[in-house]
Amino acid sequence: KGQLPTRLWLSPPTKMDAHQLTEEGYYGIYGKAGARMEMPGCSLCMGNQARVEPNSTVVSTSTRNFPNRLGDGANVYLASAELAAVASTLGRLPTVEEYMGYAAKLDTMASDVYRYLNFDQIAEFRKIAASANIPVIQA
């Protein structure tokens, strides 16, 4: 629906996730909204690339936080992907009522949204994994 009121950085955990997001058109949607796409992997989660302006407020899906990790005086909130998405849409942390409203909409799509957490149950991924050539190293 246009530009986000926040600065949004996306960093998928793997190349496979980045490929899936591209195939489904999400990279294009977020790109048009002004999101910055990072390389897949531990770039933002390690805190060694992205730095925010001093004293900024950040909502992060990272698993760790410590003083000045993302920027001098940065106030960082660790959040679920769902909460981070709502905050990036609103430009602030939502109220409980706002979050629950978004969560109710997301829940109607749960079978599609959360299917990616079960790669072993998705036929196309099982097929690719079965054809992977993984060298065996003899000790």
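Heads up, our numbering is the position in the sequence shown plus 656, with the first residue counted as 1.
Every residue gets a Cβ at the ideal spot worked out from N, C-alpha and C, and that includes glycine.
Fair warning: this is a prediction, and the values are worked out from it, not measured in the lab.
- Beyond the five residues adjoining it in sequence on each side, residue 721 comes within less than 7 Å, by CB distance, of 732, 734 in the same chain, given in chain order.
- Shortest Cα-Cα distance from residue 689 to any of 784, 779, 741 involves 741.
- Membership of residue 713 in any alpha helix (DSSP H) is not indicated; the residue belongs instead to the beta strand (DSSP E) covering 713-716.
- Residue 787 has its alpha-carbon roughly 42 Å from the corresponding atom of residue 708.
- One thing to note: residue 744 has its Cβ no nearer than 8 Å to the Cβ of residue 717.
- The alpha-carbon of residue 719 is positioned some 11 Å away from that of residue 698.
- Runs of beta strand (DSSP E) with 3 or more residues, each lying fully within the stretch 706-754, are found at 713-716, 731-734, listed in chain order.
- Put simply, the stretch 681-695 touches the stretch 665-673. At least three CB pairs are less than 8 Å apart.
- Each of 774, 739, 746 was checked against the Cα of residue 759, and the nearest Cα belongs to 739.
- Collapsing the DSSP output to three states places residue 765 in coil.
- Look at residue 666 here: in three-state DSSP terms it is strand.
- Within the same chain, and ignoring the five residues on either side of residue 670 in sequence, the residues whose Cβ sits closer than 6 Å to its Cβ are 696.
- Spatial neighbours of residue 775 in its own chain (CB-CB distance under 7 Å, excluding positions within 5 residues in sequence) are listed in chain order as 781.
- Between residue 746 and residue 753, the C-beta spacing is not below 8 Å.
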